[in-house]
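Structure record follows, encoded as structure tokens.
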Amino acid sequence: MAKSKQQVQDSLLYRIRHSSAHIMAEAMLERFPEAHIAIGPPIEDGFYYDFALPRPVNDEDMAWVENRMKEIIRGGFAFTVKEVSPDEARTFFAKQPYKIELINDLVEGRVDENGAEIAAPAEKLTFWTQDTFTDLCRGPHVENTRQINPDAISVTFKPPAGAYWRGDEKREQLTRIYGTAWETPEQMQEYLHLLEEAKKRDHRILGERLGLFTISQLVGKGLPLWKPYGAILRDTLERWLRQTQIDNGYLPVVTPHIAKLDLYKTSGHYPYYKDSQYAPIKVDDDEFLLKPMNCPHHIMIYKSEMRSYRDLPLRLAEFGTVYRYEQSGELNGLTRVRGFTVDDAHLFVAPNQLLEEFKKVVSLIQNIFNSLGLTDFRARVGTRDPESDKYVGSDVLWERATAAIIQACEDLKLPYTIESGEAAFYGPKLDFMVRDVLKREWQLGTVQVDYNLPERFDIEYVAEDNTRPRPVMIHRAPFGSMERFIGILIEHFAGVFPVWLAPVQVMMVPIADRHYEYADGVAAQLRSAGVRVEVDKGKGRMGGKIREARERHIPYMLIVGDKDMEAQTVSVRMRTDEDLGALPLADFQKMIVGLIESHSLELK
RNA sequence: GCCUUUGUAGCUCAGUCGGUAGAGCACACCCUUGGUAAGGGUGAGGUCAUGGGUUCAAUUCCCAUCAUAGGCUCCA
Numbered sequence: 001m002a003k004s005k006q007q008v009q010d011s012l013l014y015r016i017r018h019s020s021a022h023i024m025a026e027a028m029l030e031r032f033p034e035a036h037i038a039i040g041p042p043i044e045d046g047f048y049y050d051f052a053l054p055r056p057v058n059d060e061d062m063a064w065v066e067n068r069m070k071e072i073i074r075g076g077f078a079f080t081v082k083e084v085s086p087d088e089a090r091t092f093f094a095k096q097p098y099k100i101e102l103i104n105d106l107v108e109g110r111v112d113e114n115g116a117e118i119a120a121p122a123e124k125l126t127f128w129t130q131d132t133f134t135d136l137c138r139g140p141h142v143e144n145t146r147q148i149n150p151d152a153i154s155v156t157f158k159p160p161a162g163a164y165w166r167g168d169e170k171r172e173q174l175t176r177i178y179g180t181a182w183e184t185p186e187q188m189q190e191y192l193h194l195l196e197e198a199k200k201r202d203h204r205i206l207g208e209r210l211g212l213f214t215i216s217q218l219v220g221k222g223l224p225l226w227k228p229y230g231a232i233l234r235d236t237l238e239r240w241l242r243q244t245q246i247d248n249g250y251l252p253v254v255t256p257h258i259a260k261l262d263l264y265k266t267s268g269h270y271p272y273y274k275d276s277q278y279a280p281i282k283v284d285d286d287e288f289l290l291k292p293m294n295c296p297h298h299i300m301i302y303k304s305e306m307r308s309y310r311d312l313p314l315r316l317a318e319f320g321t322v323y324r325y326e327q328s329g330e331l332n333g334l335t336r337v338r339g340f341t342v343d344d345a346h347l348f349v350a351p352n353q354l355l356e357e358f359k360k361v362v363s364l365i366q367n368i369f370n371s372l373g374l375t376d377f378r379a380r381v382g383t384r385d386p387e388s389d390k391y392v393g394s395d396v397l398w399e400r401a402t403a404a405i406i407q408a409c410e411d412l413k414l415p416y417t418i419e420s421g422e423a424a425f426y427g428p429k430l431d432f433m434v435r436d437v438l439k440r441e442w443q444l445g446t447v448q449v450d451y452n453l454p455e456r457f458d459i460e461y462v463a464e465d466n467t468r469p470r471p472v473m474i475h476r477a478p479f480g481s482m483e484r485f486i487g488i489l490i491e492h493f494a495g496v497f498p499v500w501l502a503p504v505q506v507m508m509v510p511i512a513d514r515h516y517e518y519a520d521g522v523a524a525q526l527r528s529a530g531v532r533v534e535v536d537k538g539k540g541r542m543g544g545k546i547r548e549a550r551e552r553h554i555p556y557m558l559i560v561g562d563k564d565m566e567a568q569t570v571s572v573r574m575r576t577d578e579d580l581g582a583l584p585l586a587d588f589q590k591m592i593v594g595l596i597e598s599h600s601l602e603l604k
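In our numbering, the protein residues as written are 1 to 604.
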């Protein structure tokens with residue numbers, strides 16, 4: 001059962017983390033007496049505190065602070081609370097400008113320390129004190145620092161980071177120190193271990209080691225180059241999805257990577273996302289834009305013919321590559337790039353077909369994720385923030401679209417949460433949030449309902465009664481971006497891909513040179529059955545070849561020597577180190593082809 | 001874009017308190033023909049990210065740029 005907010009705040013762990021933040025601030029103020037303190041809340045897995053400091057912090061500072069925190073904890077200081085008037089608070093924090101700002105906002109009834117609006121102006125404020133440190137804080141805290149285990153906290157586990165005051169990029173940047181805190185040292189070790197596991201799965205490192213992709217400075221950052229093994233993986237996924245879509249009534253289209261600027265002015269993308277697009281290219285008297293979205297192109301295909309209600313739903317699909325000038329600090333391996341391919345499709349439907357078609361799309365995406373072993377997902381329904389003016393279109397249309405999405409989730413019994421302000425500018429959306437094996441949540445596929453672009457482009461169809469209604473559009477991409485999705489897959493599988501996705505499925509390991517010919521023959525036969533095979537003719541002994549194939553997570557190693565040649569067998573060793581012994585080639589072939597065709601996650 | 005970190009061979013890293021560099025892996029050649037997690041030898045490979053500055057002298061110190069990592073902000 002979900003815990004209420006109050007229960008979470010009262011939990012021991014929450015109080016340990018909150019109190020640890022105060023203790024860190026105390027230690028930091030000893031190290032940097034001229035520091036200005038901002039806020040220090042508990043967060044998932046720990047806490048942080050933001051400071052304005054006279055100089056950058058270094059490892060030595062952090063080690064000192066951590067040690068000092070442990071001393072303070074061992075000191076057995078009580079946490080005490082006191083009510084103060086706004087004036088007392090202002091006097092106490094006279095030299096702490098961020099605290100003064102917080103006090104003023106609380107007293108004048110604007111927002112609390114988290115930026116949330118408060119119901120009424122505060123007449124009394126609370127101070128919490130431990131040892132020499134007092135903070136403006138509403139608590140709760142542990143009763144005594146002894147309730148914190150000094151060996152279950154760390155502030156050196158993560159480097160200091162920059163963070164804008166109140167999350168506003170227009171305001172000054174503070175130094176944020178992250179800490180982690182747990183009830184027992186074992187729990188902390190477990191957490192640190194999980195962080196290490198995540199690091200080992202880093203797709204940027206695995207991608208390099210497994211030869212999947214590379215990023216060249218000369219080509220440009222955020223513009224990944226797919227190497228053969230990565231391209232095989234990607235192509236396998238694309239072919240599978242393409243076929244699945246054809247089976248579900250989608251029609252392929254292909255559109256160029258560039259178009260006239262006016263196209264995106266009509267769609268609204270250009271004015272709206274100007275800052276994150278590559279600048280327009282001037283040629284003669286025209287201006288062109290590298291395509292930031294596929295939808296306008298697909299709309300022009302829709303518009304190229306007179307459409308009848310008989311044509312709907314019309315489902316146009318394309319692996320369309322788009323370019324966005326993402327902020328440089330955002331770029332990250334394959335998961336955030338400047339050029340990427342969307343497994344895009346735009347569905348043009350009659351208004352009364354919307355719900356049914358939307359549900360079909362959602363269940364198609366569910367099936368796709370399930371077949372990849374990504375079974376832990378939920379839906380996030382992104383709606384319009386009523387306060388914001390960044391959205392286009394009328395209220396009626398937004399309400400209709402939002403209602404359709406929620407209805408679909410209900411009908412499909414898909415768990416969902418509604419998040420205000422997460423919509424696209426032209427319509428509400430449903431995002432698939434997927435948890436990988438390390439329980440990290442990623443945003444993957446997205447489905448959006450759109451009444452606005454049909455209007456902007458003035459598209460219509462001829463209805464049964466000879467009227468000309470507008471179709472509704474559904475934008476959808478199960479993977480989202482091939483780059484990002486494969487980055488996540490690499491981490492999810494830790495580079496150990498299911499057989500059907502493995503770039504190399506079988507490595508032949510001939511024992512001596514005289515077995516090359518036999519190995520080549522086996523490889524040729526498997527290849528003709530559609531299996532991806534390599535023959536290791538490198539120098540070195542069998543042990544080395546096995547070691548290398550294991551490290552590349554190649555599902556099967558087929559060792560062939562005199563005995564195998566004589567018996568016309570292959571000795572099968574799997575990457576799990578399980579040995580299947582000598583099998584007739586035909587038996588092995590039957591097994592692996594079956595596993596590949598069924599997209600099995602198993603090796604036998 | 002902003003704050004902080006880092007940038008030495010294809011990869012992982014050592015080193016130079018300022019006098020132009022070294023290891024392992026990988027690669028090439030030779031020897032070895034070995035039945036389930038690294039056989040041995042030799043060799044090639046670096047404008048020490050780039051551009052400025054300080055200095056008799058810069059890979060080393062300073063500045064800028066580019067790239068990288070951790071965050072913040074943003075994400076159609």
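Glycine is no exception: its CB is placed at the ideal position from the N, C-alpha and C atoms.
{"query": "At least three beta-carbon pairs within less than 8 Å, the segment 430-439 to the segment 267-287", "result": "no"}
{"query": "A21 versus S154 - alpha carbon distance", "result": "11 Å"}
{"query": "Identity of the residue in Q505, E566 and I39 nearest L558 by Cα", "result": "Q505"}
{"query": "Secondary structure, beta strand (DSSP E): runs of 3+ residues fully inside the segment 199-264", "result": "258-260"}
{"query": "Per-residue DSSP class, three states only, for T266", "result": "helix"}
{"query": "The segment 169-181 / the segment 39-52 touching (three or more Cβ pairs under 8 Å)", "result": "yes"}
{"query": "Strand pairing of L430, partner residues [DSSP]", "result": "V381 and V447"}
{"query": "Other residues of its chain near Q589: CB distance less than 8 Å, five sequence neighbours each side excluded", "result": "Q525, L526, A529 and V531"}
{"query": "Simplified DSSP assignment, three categories, for G139", "result": "coil"}
{"query": "R128: first and last residue of the uninterrupted beta strand (DSSP E) it sits in", "result": "The amino acid occupying residue 128 in the given sequence is Trp; Arg does not appear at that position. Run containing W128: L125 to Q130, per the beta strand (DSSP E) assignment."}
{"query": "Spatially closest choice to K124 from S85, D579 and G109, by CA coordinates", "result": "S85"}
{"query": "C-beta contact flag for A279 and Y325 at 9 Å", "result": "yes"}
{"query": "Rounded distance between the beta-carbons of I459 and R470, thought under 8 Å", "result": "6 Å"}
{"query": "Close beta carbons around G480, own chain, < 8 Å, minus the five adjacent residues each side", "result": "V342, D343, Q443, L444, G445 and T446"}
{"query": "Cutoff 8 Å; reference P428; Cβ partners in own chain excluding five residues on either side", "result": "V381, G382, T383, R384, W398, A401, T402, I405, Q448 and V449"}
{"query": "Segment contact flag, the segment 123-142 with the segment 96-109, C-beta cutoff 8 Å, min 3 pairs", "result": "yes"}
{"query": "Cβ pair I554, M507 closer than 9 Å", "result": "yes"}
{"query": "Where V219 falls, given that 16 or more other Cβ within 10 Å makes a residue buried", "result": "exposed"}
{"query": "Whole-angstrom distance between P42 and H141, CA atom to CA atom", "result": "11 Å"}
{"query": "S363, DSSP secondary structure in three states", "result": "helix"}
{"query": "E172 versus G393, L603, A94 and F51, residue with shortest Cα-Cα distance", "result": "F51"}
{"query": "Per DSSP, the bridge partner or partners of D510", "result": "The question names Asp, but residue 510 is Pro in the sequence shown. DSSP output for P510 lists V560 as bridge partner(s)."}
{"query": "Cβ separation of E34 and A78, assumed to be a contact under 8 Å, to the nearest whole Å", "result": "So it is not a contact: roughly 28 Å between Cβ atoms."}
{"query": "Host alpha helix (DSSP H) of T402 (start-end)", "result": "D395 to L412"}
{"query": "CB contact flag (D536, E548, <9 Å)", "result": "yes"}
{"query": "D311 to Q245 span [Cα, whole Å]", "result": "17 Å"}
{"query": "Euclidean distance between Cα positions of W128 and H18", "result": "11 Å"}
{"query": "For H257 and H269, the rounded distance between their alpha carbons", "result": "15 Å"}
{"query": "L210 vs G495 beta-carbon contact at 9 Å", "result": "yes"}
{"query": "Rounded distance between the beta-carbons of G139 and V57, thought under 8 Å", "result": "Not a contact, Cβ separation roughly 27 Å."}
{"query": "Contained beta strand (DSSP E) runs [length at least 3] in the segment 21-72, N- to C-terminal order", "result": "46-52"}
{"query": "Exposure of I281, with buried meaning 16 or more beta-carbon neighbours within 10 Å", "result": "exposed"}
{"query": "Buried or exposed (CB count within 10 angstroms, at least 16 for buried), P252", "result": "exposed"}
{"query": "Cβ-Cβ distance between T145 and A63 below 9 Å", "result": "no"}
{"query": "Pairwise C-alpha distance: I39 and F93", "result": "13 Å"}
{"query": "Local conformation of Q147 per DSSP, three classes", "result": "helix"}
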